[in-house]
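Here the sequence shown stands for residues 8 to 290, where the numbers follow our numbering. C-beta: ideal position from N, C-alpha, C; glycine also. Fair warning: this is a prediction, and the values are worked out from it, not measured in the lab.
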Amino acid sequence: MVNDAQVQSPPNLVVRDEDERTNAACNVNSPVTKLEYKGILWTCGLREICLTALWLPLGALIFCYVTTSIFQADDIHETHCRVYNVVPSISAITGISPQRYVWRICVAFHLGPRLLIGSLYYNYHKERTAHIVEEKTRLLAIKLGDACYWFNFIELFALTGVTYVSNRENYFVHEKIFIVFMIVALLHMLCRARVGCIASDVVEPVRTNKLVWTLFYVAIAATVGLVIFFLRHRLLCRPLAFTWFSVCEYILATANMAFHALIVRDLPLHQLQVVCPAHSKQN
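Next comes the structure, spelled out in C-alpha cells:
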C-alpha cells in the first residue's frame with residue numbers, strides 16, 4: 008500500500024530545483040554592467056538660455072500690467088497727490104498681491120542666467136583685450152572689463168532689492184535701491200560701450216557696440232525724463248506727471264532688458280555643456 012508521504016514527494020523535487028535556479032541568479036560572481044557617464048551629458052544653446060532670462064521678467068511685467076489694469080485699477084493709479092493718472096509705475100503693478108509673487112518668482116529664476124552672462128562677457132572682453140599691444144590702452148581695457156563685471160553684479164543685487172522690498176512695504180529703502188539700480192545700470196552700459204570700441208584699429212569692435220551706444224542714449228534720455236516728471240509730480244503735483252514718469256520708467260526697463268539680451272548676437276553659436284572628462288579622478 009502507498010502512503011500519503013510517498014504521494015507528496017514529487018512536488019518537493021520541483022521546489023528544490025526552483026531554489027537552485029534562484030541561488031544561481033543571485034550569485035555575486037555573476038557579471039554586472041557598469042555604467043560610465045562620459046562625454047557630453049547635457050547641452051543647451053546659449054541663445055535659448057539668454058532669451059529665457061529675458062522673457063521671464065518681460066513676461067512677468069506684461070502679466071502684471073494687464074491683470075492689475077483689469078482687476079485692480081483703483082489700487083495702481085492711486086498717488087499721494089490724488090491727481091489724475093493713466094499709466095501705473097512698475098513699482099505699482101509689481102507691488103500688490105498676487106502679482107508681486109509672480110514678479111518675484113520670475114526675477115529669482117532669471118538671476119542665474121544673468122550671472123552667467125556677466126561672466127561670459129568678462130571672459131569675452133578679456134580675450135579681446137589680450138590682442139591689444141599698447142600697454143596703456145590694454146590696461147584701460149582691462150579696467151573697463153572689470154568694471155563691467157562688477158557693475159553687472161551690483162546691478163543684479165539692486166534689482167533683487169527693488170523686487171523684494173516693494174514701495175508699499177518700505178518706500179524709503181525701495182526708492183534708494185532704485186536710484187542705485189539706475190545709476191549702476193547706466194554706468195554698466197557706458198563701460199560696455201567704451202570697452203567694445205577701444206583699440207578698434209588693432210582688434211575689431213564688438214559686434215553689437217553701436218546698439219549698446221544707442222541703448223545707452225535712450226536710457227539717458229529716459230532717466231532725465233524720469234527725474235523731471237518725478238519732481239513735477241512730487242513737488243508740484245501736476246496732473247499726468249506721474250503718467251509720464253511711468254512711461255520713462257518702462258522705456259528705461261525695456262532698454263535695460265534689450266542691453267542684456269545683446270549677447271545672443273555677440274555669441275550666437277555658443278553652447279553651455281555638461282561634460283565628464285575622459286580622465287577624471289573618482290572617490
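For residue i versus residue j, is the C-beta distance shorter than 8 Å?
| i | j | result |
| --- | --- | --- |
| residue 219 | residue 200 | yes |
| residue 122 | residue 278 | no |
| residue 206 | residue 167 | no |
| residue 256 | residue 83 | no |
| residue 173 | residue 107 | yes |
| residue 86 | residue 249 | yes |
| residue 131 | residue 246 | no |
| residue 237 | residue 252 | yes |
| residue 254 | residue 135 | no |
Is residue i buried or exposed, if buried means 16 or more other CB atoms sit within 10 Å of its CB?
| i | result |
| --- | --- |
| residue 22 | Note on residue 22: pLDDT 47, under 50, position unreliable in the model; the coordinate value appears next. Per the 10 Å Cβ criterion, exposed. |
| residue 66 | exposed |
| residue 78 | exposed |
| residue 281 | exposed |
| residue 140 | exposed |
| residue 89 | exposed |
| residue 179 | exposed |
| residue 151 | buried |
| residue 102 | buried |
| residue 193 | buried |
| residue 195 | buried |
| residue 46 | exposed |
| residue 233 | buried |
| residue 138 | exposed |
| residue 269 | buried |
| residue 50 | exposed |
| residue 184 | buried |
| residue 169 | buried |
| residue 72 | buried |
| residue 115 | exposed |
Can you tell which of the options has the C-alpha that lies nearest to the C-alpha of residue i?
| i | options | result |
| --- | --- | --- |
| residue 147 | 98, 198 and 175 | 198 |
| residue 129 | 202, 176 and 237 | 202 |
| residue 216 | 187, 204, 263 and 157 | 204 |
| residue 93 | 266, 80 and 105 | 80 |
What residues match up with residue i in a beta bridge as DSSP calls it?
| i | result |
| --- | --- |
| residue 279 | 51 |
| residue 46 | 283 |
Which residue spans inside the region 168-255 form an unbroken alpha helix (DSSP H) run of at least 4?
Those alpha helix (DSSP H) runs which fall completely within the region 168-255 and span 4+ residues are 178-204 and 216-238.
Which ranges would you report for the beta strand (DSSP E) in the region 59-105 if only whole runs of at least 3 residues count?
Residue ranges of uninterrupted beta strand (DSSP E) with 3 or more members are absent from the region 59-105; none lies entirely inside it.
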